[in-house]
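Below: one structure, written as structure tokens.
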Amino acid sequence: MPTAAKLIAGLLLAALAYAVSEMIKTLLPSGTDFGMFSYVNAVVGFLCGWRVIGTRVGRGWSAAVSNGFTGVVAMVVWCLAIHSFAVMVERSFEKRYKGAIEAIGAAFELMAEYAVLLTDPAVLGTLLLGALVAGYVAEVTDRHWS
């Protein structure tokens, strides 16, 4: 059932995902084709905010912080998985892998490579601060509009 807290949590994580995506773009070579990178991440952020943070509000302030971190971790893992598997599929069509097992292994290697970009201090700090804000604001929203 839709609630204000779910909507706010979804919008906050969507904004966080979009902002972090734009930050990551500056860390990669200038000729990189990003396509729908930021928009896909924003949709994933919205869904994680709605499903992970929004459904767990109302459990107190310490839980709100935990909910925010859980939502951001879920968002990051899903974004890494989606983009890694998309690249793996593109490479599969180019016949870069001998079989399905090698392709799936390569997707997880890509996830690890992409995760290294998240260790940039600005990106990591933005994710941590965004997690705190999203969890706290979702909890406040639930207390005021439920």
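The opening residue of the sequence shown carries number 1 in the UniProt record's numbering; numbering runs sequentially from there.
Glycine included, each C-beta is placed from N, C-alpha and C at the ideal position.
In or out: residue i buried (at least 16 other Cβ within 10 Å) or exposed?
i           : result
residue 60  : exposed
residue 90  : exposed
residue 8   : buried
residue 129 : exposed
residue 101 : exposed
residue 139 : buried
Work out the CA separation of residue j and residue i for me, nearest whole Å.
i           : j           : result
residue 39  : residue 13  : 12 angstroms
residue 10  : residue 97  : 37 angstroms
residue 142 : residue 22  : 30 angstroms
residue 77  : residue 42  : 13 angstroms
residue 35  : residue 83  : 11 angstroms
residue 37  : residue 137 : 26 angstroms
residue 123 : residue 50  : 22 angstroms
residue 146 : residue 44  : 25 angstroms
residue 114 : residue 69  : 20 angstroms
residue 55  : residue 95  : 42 angstroms
Pick from the options: whose alpha carbon is nearest that of residue i?
i          : options         : result
residue 86 : 45, 109, 71, 67 : 109
residue 52 : 88, 145, 6, 113 : 6
residue 20 : 113, 72, 99     : 72
residue 18 : 75, 95, 121     : 75
Please tell me whether, using a cut-off of 7 angstroms, the distance from the CB of residue i to the nearest non-hydrogen atom of the ligand SAH is below it.
i          : result
residue 62 : With respect to small molecules bound, the structure shown includes none, and the ligand SAH cannot be examined in it.
- Fully enclosed by the stretch 13-49, which alpha helix (DSSP H) runs are 4 residues long or longer? Taking only runs of at least 4 residues, the alpha helix (DSSP H) segments lying wholly in the stretch 13-49 are 37-48.
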